[in-house]
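Visitor: Before we start, here is the structure in question, set down as structure tokens.
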Amino acid sequence: LVKGRRMSYYIFHYTYGIEYSEEGLPMEMQVGEWSLDKRHYMGVHPPRELERPPDCAHDRAHVLRSLFMNASMAIRTWPATSVGSPTSYTRLMFRQREPSPKGESSKELRDHPDASRLIGTGPWKIVINSSTQRSLKAGIAQPVLRVERMWMLAYGWLRSDRGYGRWGVSTDGHVELEICAVRLRVKLLTHSDGWRLISQTADMTMQAKLYVSAKTLGLW
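Per our numbering, the very first residue in the sequence shown carries number 1200; after that it's consecutive.
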């Protein structure tokens, strides 16, 4: 109500960016290959013609794009701009690992000794710590990211409780993964008591454990 009168319009207030891969998979906590975020337009107007969201994207992506375009079309003085396309902000890693039109498998993954064993595994539990940010009380590394459940799928996809990510083999032959805007080079350790992934850089360490039964582990 405004001064005792009912408003004749509604406000669609959105806080977070709407982020998707080009296939329409939600990309949480990172900028997607299709990204509609008010933060992109802090200093520039959105273009009049925003590219369509992926077909599988949630209705909110299509609705918000339509609202943006309706507003820009209704304002004759809306400035022309060639920047701000929703598909211009990022490109996911390992896109060359996608299957060919003939449906051939990703040879880079299946030919790599560690990657070939990782395809289809999960759930993994991951804890990523900062090597530089430490607790004032205990002096221990602070978690940067926790992923409770993650699966490493074919064609370079990661599926987790935090959204989708990518993984693959780098040009120098190492397994790398990227999830929630964190990119890591990992090493697979296989022991009788279970499988683990580890990673360590100058400012970050990662520990991941595969939670499956001994019988399932034996199949891999």
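Just so it is clear, CB atoms sit at the ideal spot from N, CA and C, and this is done for glycine as well. Predicted model only: the values in this text are computed from it and were never measured.
Taking 8 Å as the cut-off, decide whether the C-beta atoms of Arg1358 and Cys1379 are in contact.
Guide: No, they are not a contact pair.
Visitor: Going by Cα to Cα distance, which pick from Gly1372, Asp1392 and Gly1367 is closest to Arg1382?
Guide: With distances taken between Cα atoms, Arg1382 lies closest to Gly1367.
Visitor: Excluding sequence positions up to five away, which residues of its chain have a Cβ less than 6 Å from the Cβ of Leu1416?
Guide: Cβ neighbours of Leu1416 beyond the five flanking positions: none.
Visitor: Have a look at Met1226, Ser1281 and Trp1356 and flag the residue whose alpha-carbon is nearest the alpha-carbon of Arg1294.
Guide: Taking only the C-alpha atoms, the option nearest Arg1294 is Trp1356.
Visitor: Please report the Cβ distance between Ser1369 and Glu1375, rounded to the nearest whole angstrom; I am assuming they are in contact, meaning their Cβ atoms lie under 8 Å.
Guide: Correct: roughly 5 Å between the Cβ atoms.
Visitor: Does the distance from the C-beta atom of Thr1289 to that of Gly1231 stay below 8 Å?
Guide: Yes, these two residues count as a Cβ contact at 8 Å.
Visitor: Return the residue from the list Leu1224, Arg1264, Pro1252 and Ser1398 that minimises the CA-CA distance to Asn1328.
Guide: The candidate whose alpha carbon is nearest that of Asn1328 is Ser1398.
Visitor: To which residues of the same chain is Val1282 closer than 7 Å at the C-beta, ignoring the five residues directly before and after it?
Guide: Taken in chain order, the residues that qualify are Val1243.
Visitor: What separation, rounded to the nearest whole angstrom, lies between the Cα atoms of Asp1310 and Ser1234?
Guide: Going by the C-alpha atoms only, they are around 34 Å apart.
Visitor: Identify which residue in Thr1214, Val1343, Arg1384 and Pro1246 has its Cα closest to the Cα of Val1292.
Guide: According to the sequence provided, residue 1292 is Met. The question's Val does not apply to it. Of Thr1214, Val1343, Arg1384 and Pro1246, the residue nearest in Cα terms is Arg1384.
Visitor: Thinking C-alpha only, which one of Tyr1219, His1239 and Arg1348 is nearest Arg1259?
Guide: Selected option, being the one with the closest Cα: Tyr1219.
Visitor: Run through DSSP, which three-state label would Gly1417 get?
Guide: If DSSP states are grouped into helix, strand and coil, Gly1417 belongs with the helices.
Visitor: Work out the CA separation of Pro1253 and Trp1451 for me, nearest whole Å.
Guide: With the chain represented from 1200 up to 1419, any question about residue 1451 goes unanswered, as that position is not in the structure.
Visitor: With burial defined as no fewer than 16 other Cβ atoms inside 10 Å of the residue's Cβ, what is the status of Met1226: buried or exposed?
Guide: When all chains shown are included, Met1226 counts as buried.
Visitor: Start and end of the alpha helix (DSSP H) containing Ser1369?
Guide: Premise fails: Ser1369 is in no alpha helix (DSSP H) and is neither H nor E.
Visitor: Taking just the CA atoms, how far does Leu1249 sit from Met1228?
Guide: Roughly 22 Å separates the two Cα atoms.
Visitor: Using the rule of at least 16 other Cβ atoms within 10 Å of the residue's Cβ for burial, across every protein chain shown, is Ile1217 buried or exposed?
Guide: Classification of Ile1217: buried, given that the 10 Å Cβ count is 16 or more.
Visitor: Please check the pair Ala1407 and Leu1396, which I expect to be a contact at CB under 8 Å, by giving their CB distance rounded to whole angstroms.
Guide: Right, the Cβ-Cβ distance comes to about 4 Å (below 8 Å), so this counts as a contact.
Visitor: Does DSSP classify Leu1376 as helix, strand or coil?
Guide: Three-state result, Leu1376: strand.
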